[in-house]
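Peer 1:
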Amino acid sequence: MANRIYASCKRGFGEGMFALGSDTLKCALLTHAYVPDSGHATFADVVAAEVSGAGYATGGAVLSGVTWGVSGDAAVLDAADPSWTEATVTARYAVVYAAKTAGGLTNPLLCLLDFGQDVGVTGGTFSVTFDAAGVLVLE
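Numbering-wise, the numbering used here puts 46 at position 45 of the sequence shown, and it's gapless, one number per residue.
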């Protein structure tokens, strides 16, 4: 589950900027150089810390299997776990964002996942494992 929900995401919910079940959502990997800040609003605010390396495309991966719904008392965004094959990268964070322009924001940020430490792979598969409860849960 997300460690941080960006203010741009919260604003977007209030202003109807998202259709999370049908918007194109992406997951990008960030290095330990990123300093988490809830005030960051767009992918441009974090791109300087994006990882680079073999098997990883700038901007991250498009999320598949995206669902947005209600489970009990919570609104839940879920998706299949993204992965990069034959990758050589090291990341500390994964950021999820909407690949669109809405409410005057281009590529608004939704949430951040903190791996707790640098995680790397050399010539293998780098996977982000989303929490079983969902990528983002609003209770």
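The C-beta atom is built at its ideal place from N, Cα and C for all residues, glycine as well. Since this is a predicted model, take the numbers as computed values, not measurements.
With DSSP as the reference, label K27 as helix, strand or coil.
Peer 2: strand
Peer 1: Where do the ends of the beta strand (DSSP E) carrying A8 lie?
Peer 2: Not the beta strand (DSSP E): A8 falls in the alpha helix (DSSP H), residues 8-16.
Peer 1: Hey, out of S9, G124, Y35, T107, whose CA is closest to T86's CA?
Peer 2: Nearest option by C-alpha distance: G124.
Peer 1: Name the DSSP bridge partner or partners of T68?
Peer 2: D79
Peer 1: Give the DSSP-derived three-state secondary structure of A45 in the structure shown.
Peer 2: helix
Peer 1: Is there contact here, the segment 50-58 with the segment 86-97, by at least three beta-carbon pairs under 8 Å?
Peer 2: yes
Peer 1: Counting only the same chain and skipping the five closest in sequence on each side, list residues whose C-beta sits under 7 Å from that of E140.
Peer 2: D74, A75
Peer 1: When the Cα of L26 is compared with those of D38, A34, A80, which residue comes out closest?
Peer 2: A80
Peer 1: Would you kindly check if the distance between the Cβ of S84 and the Cβ of S128 is under 9 Å?
Peer 2: The Cβ atoms of S128 and S84 sit closer than 9 Å to each other.
Peer 1: Taking the beta carbon of A34 as the centre, do at least 16 other beta carbons fall within 10 Å, making it buried, or is it exposed?
Peer 2: exposed
Peer 1: Assuming contact is defined by CB atoms lying nearer than 9 Å, are V96 and L30 in contact in what I supplied?
Peer 2: yes
Peer 1: Just to confirm before moving on: does the CB-CB distance between L137 and L64 stay below 9 Å?
Peer 2: Not closer than 9 Å, so no.
Peer 1: Would you kindly report the start and end of the unbroken beta strand (DSSP E) that includes F19?
Peer 2: Taken as a continuous stretch (DSSP letters only), F19 belongs to no beta strand (DSSP E), as it is neither H nor E.
Peer 1: Would you report the Cα separation of D82 and A133, rounded to the nearest angstrom?
Peer 2: 10 Å
Peer 1: Which residues in the same chain have their Cβ closer than 6 Å to the Cβ of G61, if we skip the five residues on either side of it in sequence?
Peer 2: K27, C28, A29
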